[in-house]
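First the structure, in the form of structure tokens, and then the observations on it.
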Amino acid sequence: MKILISFLFIANFCFCQKTIIGKVVNTTGGEVPFATVQMILKDKVIEYTATDENGYFEINYNPTTSANGLLKVTHMSFVSKNWELNSLDIKDKIVLSLVEKTETLNEVTVQNKLSYAKVKGDTLSYNLKALTTGNEEKLVDVLKKLPGIDINADGKIISQGKVINDLLVNGKKMFGDNHKIATENINAEMLKGIDLLSNFESFAAIKDVEGSNKTALNINIKEEYLGKITGNLEVFGAHDKRYQVNSNLFKFNQKLNLSAILNVNNTGYQPISMKEYFSMNRSVRQELRNNDGQSNSLDTNEIPKFLLSDNNVNSKSNEFLALDFAFQSSNKLSMNGFSIVSRLKTNEISRTFKTFFDSNSTNNVVEFFSSNNDLLYNQTKLNIDYKSNDNSLVNYTLLFDPNTINTNTNLENNISNNQNSINEYFDKVNFKFGHQLSWINKIAKNKLLSFNLFQ
Amino acid sequence: MKNLFNLLSIMMISNFTIAQSYKIEYEERANINNQLKNVTDPETRKRVSAYLSKATTFYLYYKNGESLYIEEKEKIAQNEDLNIQNQSSKKIEIGKNGGGIYKNFKTKEYLHEADVLGKELLVVDKLNKIEWKLFGEEKTIGNYKCKNAIATINNEEITAWFTDEVALQDGPKDFYGLPGLIMELIAEKKTYHAIKITETNSNLDIKKPTEGTKVSKSEYLKIVEEKINELKRGVGNSLRN
Numbered sequence: 021m022k023i024l025i026s027f028l029f030i031a032n033f034c035f036c037q038k039t040i041i042g043k044v045v046n047t048t049g050g051e052v053p054f055a056t057v058q059m060i061l062k063d064k065v066i067e068y069t070a071t072d073e074n075g076y077f078e079i080n081y082n083p084t085t086s087a088n089g090l091l092k093v094t095h096m097s098f099v100s101k102n103w104e105l106n107s108l109d110i111k112d113k114i115v116l117s118l119v120e121k122t123e124t125l126n127e128v129t130v131q132n133k134l135s136y137a138k139v140k141g142d143t144l145s146y147n148l149k150a151l152t153t154g155n156e157e158k159l160v161d162v163l164k165k166l167p168g169i170d171i172n173a174d175g176k177i178i179s180q181g182k183v184i185n186d187l188l189v190n191g192k193k194m195f196g197d198n199h200k201i202a203t204e205n206i207n208a209e210m211l212k213g214i215d216l217l218s219n220f221e222s223f224a225a226i227k228d229v230e231g232s233n234k235t236a237l238n239i240n241i242k243e244e245y246l247g248k249i250t251g252n253l254e255v256f257g258a259h260d261k262r263y264q265v266n267s268n269l270f271k272f273n274q275k276l277n278l279s280a281i282l283n284v285n286n287t288g289y290q291p292i293s294m295k296e297y298f299s300m301n302r303s304v305r306q307e308l309r310n311n312d313g314q315s316n317s318l319d320t321n322e323i324p325k326f327l328l329s330d331n332n333v334n335s336k337s338n339e340f341l342a343l344d345f346a347f348q349s350s351n352k353l354s355m356n357g358f359s360i361v362s363r364l365k366t367n368e369i370s371r372t373f374k375t376f377f378d379s380n381s382t383n384n385v386v387e388f389f390s391s392n393n394d395l396l397y398n399q400t401k402l403n404i405d406y407k408s409n410d411n412s413l414v415n416y417t418l419l420f421d422p423n424t425i426n427t428n429t430n431l432e433n434n435i436s437n438n439q440n441s442i443n444e445y446f447d448k449v450n451f452k453f454g455h456q457l458s459w460i461n462k463i464a465k466n467k468l469l470s471f472n473l474f475q
Numbered sequence: 152m153k154n155l156f157n158l159l160s161i162m163m164i165s166n167f168t169i170a171q172s173y174k175i176e177y178e179e180r181a182n183i184n185n186q187l188k189n190v191t192d193p194e195t196r197k198r199v200s201a202y203l204s205k206a207t208t209f210y211l212y213y214k215n216g217e218s219l220y221i222e223e224k225e226k227i228a229q230n231e232d233l234n235i236q237n238q239s240s241k242k243i244e245i246g247k248n249g250g251g252i253y254k255n256f257k258t259k260e261y262l263h264e265a266d267v268l269g270k271e272l273l274v275v276d277k278l279n280k281i282e283w284k285l286f287g288e289e290k291t292i293g294n295y296k297c298k299n300a301i302a303t304i305n306n307e308e309i310t311a312w313f314t315d316e317v318a319l320q321d322g323p324k325d326f327y328g329l330p331g332l333i334m335e336l337i338a339e340k341k342t343y344h345a346i347k348i349t350e351t352n353s354n355l356d357i358k359k360p361t362e363g364t365k366v367s368k369s370e371y372l373k374i375v376e377e378k379i380n381e382l383k384r385g386v387g388n389s390l391r392n
């Protein structure tokens, strides 16, 4: 009777709203408290409620619009179930019965913690998910967002105020000190994680005895990019014979990393800046394992002048190709090497008009200067490490830097109608070759024996 | 006969309610994007966001219509370790002097042991229905299909993502009452993310918070505001001196 009255009331007040009263029970008829009851229409939740302590619920519904709706009942300990409203006798109190779940949830990790980084021993692993937005294009964009990591003006990676010693991809070295080549070419979407390794030394015996103050940054590549050739090719063209072609191709494997980077342009963009050129001019002695640091000085006479010139030239074109490989056959043998070929051609023109005023006459000087410069530069480095056991390491490094500089300068001047023409050709072929062989052996707990041979 | 049946069913329920306790780990962090929307200098942004982004871990314990949302504490962690070794006999007692938020969906009780600058308060309130507006939008968090809902609480717009695959009408902090567990919640100043859901078979015992001076929710909000203003004035004074 009571229910009937309330029904009448509701029907009188509002013709559209009705209430379903029901009870959720388990297979033996016992009540199920705190079950969620949802009214779903076309995948949308219209109404929802929960059962009370005794398993009862009330839910509003609209008989005209929700006639084809579903009642979905969920509970942590039961298998969720749907009922079509049509199939239920909703005029009366309905009883919905659920079946117990046989499996328990145990423990589910929904998502990884969004903390910025994890520290484990000497390794700091950045959580890229928390630090990046997904709009980054290249590795360099990601690195700029990592706390504690910076990129300096030369494109080098800085950690704690110092340039990092090694850039590793999946634990293997890449492009030596030429970070920029790697950071501006590896695509951000390929990254799985970035680890900063402090006190890094690949040969444990040295670390035990001498310690290490080296830092390395290890880039982990997503598995789906492993074993495949990945990369991009970009071609740009602009009016009046401007072009730029960028291509980077990588193949990362468990044992072998291969990279090829190509850049051809005449837009003035330099894949290798002057500072990088200097830093590549290093001697093989710096490769010595336990060398107490000897900085190499660069003879300023060796610097080709036009490298110092800015972009204000008539034409400038760059051709750049870099190849890198790293191979790790087993724990014992590892090889890595890279070769960078860069060709820079510039053409400079200047025209000067000078007038000298004398007491009785004026002299005009017209100067026309043009210079064609051509630098072909290569750096090839090969490094082989062989660890016969945990205490001994044989290391061989070969460095070969040939370069040719070719300049053709033409100066024409006209002083008071006297024509002078000076033509200067300058050809220079340089090459620097160095190699070193070292053998390091740990002879006692705190003693290292090392032989170095270098040329 | 009917009585016996009732008794039986109660026994049955109480039998499986022992297994029916859950622990949900949430990460609470400042809503950086929102708080820094007026800061344009990239350097300042970077520094402040690094400071703000430190996450705090909270646990939501749920058992049989009662829940407690409490900050991760050493003590609890230790108790849990003990519990693994001695699962059947060790009881976890949480909520005592823990400073958590207690929700009882049976009695509609809400208790919050709050510490406002050294002043211990016990906020007593009712679990009022939050007027969530459900939207059909979907996204997956982990392996869960989530739907979004928006509510306005104290003039603050709250966006929640819940999943009905976890049928607990609960969520982090003061938020509850959706047809499924709140997996992600974005408030004006904070964001909450569910990290881990654990079904514990242990005998979880949720204790009502009892410590502190009893105040109502509106009184509590007033006290907090007053204290903040006091602090602001304090800072102003010290700057003036």
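First to last, the sequence lines map onto chains A and B. Sequence positions in the first sequence follow our numbering and run 21 to 475. Sequence positions in the second sequence follow our numbering and run 152 to 392. We put the beta carbon where it would ideally sit given N, CA and C, even for glycine.
Residue i versus the options, residue with shortest Cα-Cα distance
| i | options | result |
| --- | --- | --- |
| K192(A) | K374(A), N438(A), S354(A) | S354(A) |
| Y295(B) | G331(B), K280(B), T195(B) | G331(B) |
| T250(A) | F270(A), A258(A), E156(A) | F270(A) |
| N80(A) | E73(A), D72(A), I66(A), K92(A) | I66(A) |
| L319(B) | A265(B), M334(B), I309(B), T310(B) | M334(B) |
| E432(A) | V189(A), N423(A), E444(A), N426(A) | E444(A) |
| D410(A) | I463(A), T382(A), L396(A) | I463(A) |
| D266(B) | E381(B), V375(B), K383(B) | V375(B) |
| E127(A) | K368(B), L355(B), L382(B), E350(B) | E350(B) |
| V44(A) | F345(A), P83(A), A87(A), L91(A) | L91(A) |
| C297(B) | D63(A), A258(A), K242(A) | D63(A) |
| D180(B) | G251(B), I304(B), K340(B) | The question names Asp, but residue 180(B) is Arg in the sequence shown. With distances taken between Cα atoms, R180(B) lies closest to K340(B). |
| V317(B) | D447(A), Y263(A), N74(A), F54(A) | F54(A) |
DSSP-derived helix/strand/coil call for residue i
| i | result |
| --- | --- |
| V333(A) | coil |
| N285(A) | strand |
| A173(A) | coil |
| V119(A) | coil |
| T47(A) | coil |
| L151(A) | helix |
| H199(A) | helix |
| I374(B) | helix |
| L105(A) | helix |
| N310(A) | Confidence at N310(A) is low in this model, with a pLDDT of 49, below 50, so its placement is unreliable and the value that follows should be read with caution. Looking at N310(A) - three-state DSSP - the assignment turns out to be coil, as it is neither helix nor strand. |
| T195(B) | helix |
| I227(B) | With a pLDDT of 44 at I227(B), under the threshold of 50, the predicted position of this residue should be treated as unreliable, and no value is reported. |
| S369(B) | helix |
| A258(A) | strand |
Rounded C-alpha distance that separates residue i from residue j
| i | j | result |
| --- | --- | --- |
| V284(A) | N266(A) | 7 Å |
| T185(A) | A150(A) | Looking at the sequence itself, residue 185(A) is Asn, so the reference to Thr does not match. Approximately 26 Å, taken between the alpha carbons. |
| G454(A) | F195(A) | 18 Å |
| G20(A) | K234(A) | This structure leaves residue 20(A) out entirely; chain A is present only between 21 and 475. |
| E176(B) | V366(B) | 28 Å |
| W283(B) | E271(B) | 31 Å |
| N384(A) | K374(A) | 6 Å |
| N147(A) | L211(B) | 25 Å |
| E307(B) | A338(B) | 7 Å |
| N450(A) | T152(A) | 45 Å |
| I379(B) | G322(B) | 27 Å |
| K113(A) | L372(B) | 43 Å |
| K290(B) | I348(B) | 18 Å |
| I243(B) | S172(B) | Unreliable positioning characterises I243(B) in this predicted model, as indicated by a pLDDT of 46, which lies under 50. A coordinate reading is not provided. |
| V478(A) | G50(A) | With chain A covering 21 to 475 only, the question about residue 478(A) has no answer from this structure. |
Within chain E, partners of residue i - CB distance below 8 Å
| i | result |
| --- | --- |
| E127(A) | Checking the listed chains, one finds no chain E in this structure; the protein chains it contains are A and B. |
#### Entry: Within 8 Å of chain A by C-beta, residues of the stretch 285-315 of chain B in sequence order
L285, G287, I292, G293, N294, Y295, K298, D315
### Query
If you measure beta-carbon to beta-carbon, which residues of the stretch 89-117 of chain A are closer than 9 Å to chain B?
K92, V93, T94, H95, M96, S97, F98, S100
### Message
Check whether the stretch 99-106 of chain A and the stretch 216-225 of chain B are in contact - that is, three or more C-beta pairs closer than 8 Å.
### Response
no
### Task
Could you list the residues in the stretch 64-86 of chain A with a C-beta less than 7 Å from some C-beta on chain B, going in chain order?
K64, V65, Y68, A70, E73
### Query
In the stretch 356-375 of chain B, which residues sit with their C-beta less than 8 Å from some C-beta in chain A, listed in chain order?
none
### Message
To be precise: take each residue of the stretch 332-354 of chain B, compare its Cβ to all Cβ atoms of chain A, and keep it if any distance is under 7 Å. Which residues remain?
### Response
M334, H344, A345, I346, K347, I348, T349, E350
### Message
Taking contact to mean 3 or more Cβ pairs, one atom from each stretch, closer than 8 Å, check whether the stretch 390-402 of chain A and the stretch 410-424 of chain A are in contact.
### Response
yes
### Task
Anything in the stretch 249-265 of chain B with a Cβ closer than 7 Å to a Cβ of chain A? List those residues in chain order, please.
F256, K257
### Query
Taking any Cβ of chain B, which residues in the stretch 35-56 of chain A have a Cβ under 9 Å from it, in chain order?
V45, N46, T48, G49, G50, E51, V52, P53, F54, A55, T56
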